Amino acid sequence: MFIIKEDFSTFIKKYPLTVLIVGVCCLLTILITMKGGYTKTNVVLLGSYDRNLINNGQFWRLLTYSVGHMSYSHFLLNIVFIILLSRPLERVLGKLKFILCYLFTSILAVIIIHFFSNIDYVAGSSGFGYGLLGIYIYLFLKFRNKFYKSDRNFIFMFVAFGFTITLLIPSVSFSGHLGGFIGGIIFAALVFKKEHQVLFVT
Numbered sequence: 031m032f033i034i035k036e037d038f039s040t041f042i043k044k045y046p047l048t049v050l051i052v053g054v055c056c057l058l059t060i061l062i063t064m065k066g067g068y069t070k071t072n073v074v075l076l077g078s079y080d081r082n083l084i085n086n087g088q089f090w091r092l093l094t095y096s097v098g099h100m101s102y103s104h105f106l107l108n109i110v111f112i113i114l115l116s117r118p119l120e121r122v123l124g125k126l127k128f129i130l131c132y133l134f135t136s137i138l139a140v141i142i143i144h145f146f147s148n149i150d151y152v153a154g155s156s157g158f159g160y161g162l163l164g165i166y167i168y169l170f171l172k173f174r175n176k177f178y179k180s181d182r183n184f185i186f187m188f189v190a191f192g193f194t195i196t197l198l199i200p201s202v203s204f205s206g207h208l209g210g211f212i213g214g215i216i217f218a219a220l221v222f223k224k225e226h227q228v229l230f231v232t
């Protein structure tokens with residue numbers, strides 16, 4: 031389910047929205063590199079969440095923060111996250127629902143950050159990534175027999191690893207990751223109501 035079997039051109043054709051999200055993240059990383067790297071000034075300039083600016087009406091940052099990152103390692107980790115996890119759901123959900131999934135999980139994650147943390151600025155696609163994990167957890171628990179054990183174990187391990195890292199590294203936003211994860215569960219509960227909807231996920 032999570033193994034990439036397509037060549038590059040086939041991958042682009044089959045998963046255009048995943049490629050678009052990754053492409054925009056890559057573009058932002060190139061731009062921030064050209065501006066001198068990951069400083070607060072550059073991260074905020076290129077669309078990160080900033081508490082004061084949002085309070086002053088720059089609400090577009092509730093979405094644009096999700097394609098920027100805080101460091102090169104943060105960028106690489108999230109890109110791997112998205113490439114591995116988003117493909118099956120893009121195929122199953124279709125373009126419209128997949129876009130709604132991205133918007134819902136990303137925006138909910140940063141709203142949780144805004145109201146339940148003291149973070150002044152942040153960027154990253156982790157909210158969406160943890161939203162994908164939330165969707166898989168919901169599906170694997172509700173429709174357990176529709177998935178291979180190896181796929182279930184992979185996601186459970188991924189969730190355990192992800193939240194362990196979240197708790198161990200002080201600079202990581204626990205509220206954002208938890209918000210995205212909860213958002214994924216909510217989205218899955220709204221979209222995947224019947225067993226036949228997940229027959230072609232595996």
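If you count the sequence shown from 1, you need to add 30 to reach the working numbering.
Cβ coordinates follow ideal geometry from the N, Cα and C atoms, glycine included.
Everything numeric in this text was worked out from a predicted model, so none of it was measured.
Neighbourhood of residue i by C-beta, 7 Å cutoff - its chain only, sequence neighbours within 5 removed
i: S156; result: N108, G206, H207 and G210
i: F170; result: F177, R182 and I185
i: S116; result: T48 and L162
i: S147; result: S203 and S205
i: L76; result: L58, L61, I62 and G98
i: K125; result: L47
i: F105; result: C55, T59 and H99
i: F111; result: G159
Environment of residue i [buried if 16+ CB atoms lie within 10 Å]
i: M100; result: buried
i: C56; result: exposed
i: Y132; result: buried
i: I33; result: exposed
i: H226; result: exposed
i: Y79; result: buried
i: T194; result: exposed
i: Y102; result: exposed
i: S201; result: exposed
i: V140; result: buried
i: E120; result: buried
i: S39; result: exposed
i: G53; result: exposed
i: F145; result: exposed
i: T135; result: buried
i: G154; result: buried
i: R91; result: buried
i: F188; result: buried
The alpha helix (DSSP H) enclosing residue i, as first and last residue numbers
i: Y102; result: Y102 to F146
i: L57; result: P46 to M64
i: R174; result: No alpha helix (DSSP H) contains R174, which DSSP labels as neither H nor E.
i: K224; result: No alpha helix (DSSP H) holds K224; DSSP gives it neither H nor E.
i: V189; result: K179 to L198
i: T94; result: R91 to T94
Beta-bridge partners of residue i, as assigned by DSSP
i: V152; result: Y79
Neighbourhood of residue i by C-beta distance below 8 Å, restricted to the same chain and skipping five residues each side
i: K43; result: none
i: L198; result: none
i: Y168; result: G214, I215, A218, A219 and F222
i: I143; result: Y79, I149, V152, S203, S205, G206 and G209
i: K127; result: V221
i: Y68; result: I62, H99, M100, S101 and Y102
i: L83; result: V74 and R91
6 Å Cβ shell around residue i - same chain, five flanking residues per side excluded
i: K65; result: N72
i: I165; result: G214 and A218
i: L138; result: G209 and G213
CB contact check: residue i to chain C, cutoff 8 Å
i: S205; result: Any reference to chain C falls outside this structure, which holds one protein chain only.
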